[in-house]
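Below is one structure, written out as structure tokens; comments come after it.
Written out as structure tokens, the structure is:
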């Protein structure tokens, strides 16, 4: 019943009008800034380069190279870490360490295979979709690693 009270409805209406005013002002400022940049010769050139499909593909290719580089560094660090752990134990890994290493490598291989084959095809066809695809790959990798942590916890 209090929701239909005139004072409550007036307060909600006033709040909604204030939010609408803020959005309208932000839209006008954004439009004015975009018009200013588009009318400036250097700004117009920059906008055309940023919106060009080849630029987006180049950006996507840089993402692929960065992911592969990080994967190689992580793989080397994980192997070194496991060897460091195993060294005092005469190079024998425990079940928990094996599961951690297996989850890391499995996650890395799945992500790399998905990134290299369908990922490059998506990059060539639709660069913006590729960025969403990389977020999906990060979620898949995280899920595989999480399962590895859970399985390793069962060994404790």
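Residue numbers (this note's numbering): 17 to 172. Glycine residues also receive a C-beta, built at the ideal position from the N, C-alpha and C atoms. No experiment lies behind these values; they were computed from the predicted model shown.
Check	Outcome
Sub-8 Å separation of residue 157 and residue 123 beta-carbons	yes
6 Å Cβ shell around residue 42 - same chain, five flanking residues per side excluded	none
Status (buried if at least 16 other CB within 10 Å, exposed otherwise) for residue 153	buried
Reduced DSSP secondary structure (H/G/I, E/B, other) of residue 17	A caution first: residue 17 carries a pLDDT of 47, below 50, which makes its placement in the model unreliable, though a value can still be read off. Coil.
Backbone secondary structure at residue 142 - three-state DSSP	coil
Residue 142 versus residue 82: straight-line alpha-carbon distance, rounded	19 Å
Among 71, 127, 64 and 119, the one whose alpha carbon lies nearest that of residue 169	119
Cβ-based burial, residue 34 [other Cβ within 10 Å; buried from 16]	exposed
Length of the line joining the Cα atoms of residue 164 and residue 121	10 Å
Spatial distance of residue 114 from residue 127 (CA atoms)	20 Å
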